[in-house]
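Residue 2 is where the sequence shown starts when you use my numbering, and the numbers rise one by one after that.
The beta carbon of each residue, even a glycine, is placed where N, CA and C say it ideally should be.
Only a predicted model underlies this, so the values are computations on that prediction, with no experimental measurement involved.
Written out below as structure tokens is the structure these notes cover.
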Amino acid sequence: MKLLITGAGGQLGSEWVDFCQERGISFNSFTSSELDIYDVDKIENTIVSLCPDVIINCAAYTKVDEAEENKESAIQINGSAVKVLADSCKKHSIKLVHYSTDYVFAGTKSDKENNPEGYKEEDSTDPVNVYGYSKLKGEEAIKDSGCEFLLLRVSWLCGQYGNNFVKTMLKLGSEKKEINIVDDQYGAPTFTDQVVEQTFELIQQEKSGVYHLSSDGLITWYQFSKEIFKQKRIDVKVNPVSSSEFKTKAKRPFFSKLSTKKISNIERIQILDWKEGLQRLLAKL
Ligand SMILES: NC(=O)c1ccc[n+]([C@@H]2O[C@H](COP(=O)([O-])OP(=O)(O)OC[C@H]3O[C@@H](n4cnc5c(N)ncnc54)[C@H](OP(=O)(O)O)[C@@H]3O)[C@@H](O)[C@H]2O)c1
């Protein structure tokens, strides 16, 4: 099996490259400057010359706040470019593995009350920000293309590469004595090493369709930060604040837990507790 990895310079793409190298999996990887997923001709030429069996699309516009002012760019990369990839996959009978987000859901208080286990794969979507909307456009393009696909929605992605909440907390913890962290947005982190291992397991088992993948647990960003500082024995005072006190350009869902019931029913897939996932990540940083 030969893989083609796009967005290979990002946090998930880099994890995929490591994984393939360590396991001796045949792959070609491309950073954004090497292969723009919106470039139809380049995508076509690359596919024709490399003949991959599976394309792993880790390329995305992920700047949630900036997306509010750069709607066109977000939709172009997360929607239109994903359509380019999906149409090429259909044309050449290649499986497309793609990642989406918990932010496709509305994440209301009533959803948390009615649905404490989290959103299921078939639940209706209703994004509250441009980033979520653009990712939903990508999901729709894949489904409409008729290609064989594996679409994994992940939440609060963290890993050893790139930028993420854990790395930001470690930086703030080394610079400040006191910080404010939002305590009214609920969800669960997803760790990139788990994402790659479990995606590969799904590919090997020839699974397709939509799956939710995250850690076990339901926490707020405040609780997440407290555990990061506890595990790293960093002495910093963390104040819980509300979203209204911590203004951001993009609105965030109040509740964006993804139910992992469907994926955890698959053989050899094990969902880790969020504290254990964090421990593994901190050991690598
Ligand atoms: N990060 C999260 O918290 C989170 C949460 C839920 C879901 N997800 C999803 O998980 C996936 C992986 O996210 P991530 O955190 O690994 O993102 P990331 O670190 O921002 O990486 C995305 C990569 O895509 C590249 N890229 C952007 N536009 C491109 C284009 N037109 N052609 C080719 N490459 C392009 C970026 O390159 P440049 O840096 O050069 O632009 C970057 O290397 C994405 O689908 C994301 O939507 C992420």
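For residue j and residue i, believed in contact at Cβ under 8 Å, the rounded distance
{"i": "Gly11", "j": "Cys59", "result": "6 Å"}
{"i": "Gln77", "j": "Tyr39", "result": "6 Å"}
{"i": "Tyr187", "j": "Leu214", "result": "That pair is no contact at about 17 Å."}
{"i": "Ser236", "j": "Leu273", "result": "The identity of residue 236 in the sequence shown is Asp, whereas the question assumes Ser. Rounded, the Cβ-Cβ distance is 27 Å, inconsistent with contact."}
{"i": "Phe256", "j": "Lys121", "result": "Going by Cβ atoms, the distance from Phe256 to Lys121 rounds to 14 Å, so no, they are not a contact pair."}
Cα-Cα separation, residue i to residue j
{"i": "Lys233", "j": "Tyr100", "result": "30 Å"}
{"i": "Trp275", "j": "Ser50", "result": "41 Å"}
{"i": "Gly133", "j": "Asn46", "result": "30 Å"}
{"i": "Val131", "j": "Ile48", "result": "30 Å"}
{"i": "Ser244", "j": "Ala82", "result": "32 Å"}
{"i": "Asp19", "j": "Thr7", "result": "14 Å"}
{"i": "Phe106", "j": "Ser30", "result": "31 Å"}
{"i": "Val65", "j": "Pro53", "result": "31 Å"}
{"i": "Ser300", "j": "Asp42", "result": "Shown here, the chain extends from 2 to 286; a query on residue 300 therefore has no answer."}
{"i": "Tyr318", "j": "Phe28", "result": "No answer is possible for residue 318: the residues shown for the chain start at 2 and end at 286."}
{"i": "Thr102", "j": "Lys136", "result": "7 Å"}
{"i": "Ser124", "j": "Asp194", "result": "The residue asked about is misnamed: residue 124 is Asp in this sequence, not Ser. In a straight line, the C-alpha of Asp124 is about 26 Å away from that of Asp194."}
{"i": "Asp88", "j": "Glu149", "result": "10 Å"}
{"i": "Gln292", "j": "Leu4", "result": "Nothing in the structure corresponds to residue 292, since the chain is present only between 2 and 286."}
{"i": "Lys1", "j": "Ser94", "result": "Outside the displayed range of the chain (2 to 286) lies residue 1, so it cannot be described from this structure."}
{"i": "Asn115", "j": "Thr249", "result": "27 Å"}
{"i": "Ala284", "j": "Leu153", "result": "26 Å"}
{"i": "Lys231", "j": "Ile270", "result": "28 Å"}
Residues of its chain near residue i, where Cβ-Cβ distance is below 6 Å and the 5 sequence neighbours each way are ignored
{"i": "Asn181", "result": "Asn240, Val242"}
{"i": "Glu179", "result": "Lys238"}
{"i": "Leu158", "result": "Thr191"}
{"i": "Met2", "result": "Asp54"}
{"i": "Gly139", "result": "Asn79, Gly80, Val83"}
{"i": "Asn34", "result": "The sequence as given places Ser at residue 34; Asn does not occur at that position. Excluding residues within five positions, none has a Cβ falling inside 6 Å."}
{"i": "Arg253", "result": "Gln186"}
Buried or exposed by the 16-neighbour rule on C-beta atoms within 10 Å, applied to residue i
{"i": "Met170", "result": "buried"}
{"i": "Asp145", "result": "exposed"}
{"i": "Asn266", "result": "exposed"}
{"i": "Ser111", "result": "exposed"}
{"i": "Leu286", "result": "exposed"}
{"i": "Ile56", "result": "buried"}
{"i": "Arg281", "result": "exposed"}
{"i": "Glu228", "result": "buried"}
{"i": "Gln206", "result": "exposed"}
{"i": "Ile26", "result": "exposed"}
{"i": "Gly278", "result": "buried"}
Close-in-space but distant-in-sequence residues of the same chain around residue i (CB under 8 Å, 5 per side omitted)
{"i": "Leu151", "result": "Lys96, Leu97, Val98, His99, Thr200, Leu203, Ile204, Lys208, Ser209, Gly210, Tyr212"}
{"i": "Asn164", "result": "Gln12"}
{"i": "Thr32", "result": "Gly8, Ala9, Gly10, Gly14"}
Residues near residue i in its chain [Cβ-Cβ closer than 7 Å; skip 5 each side]
{"i": "Val197", "result": "Glu16, Trp17, Phe20"}
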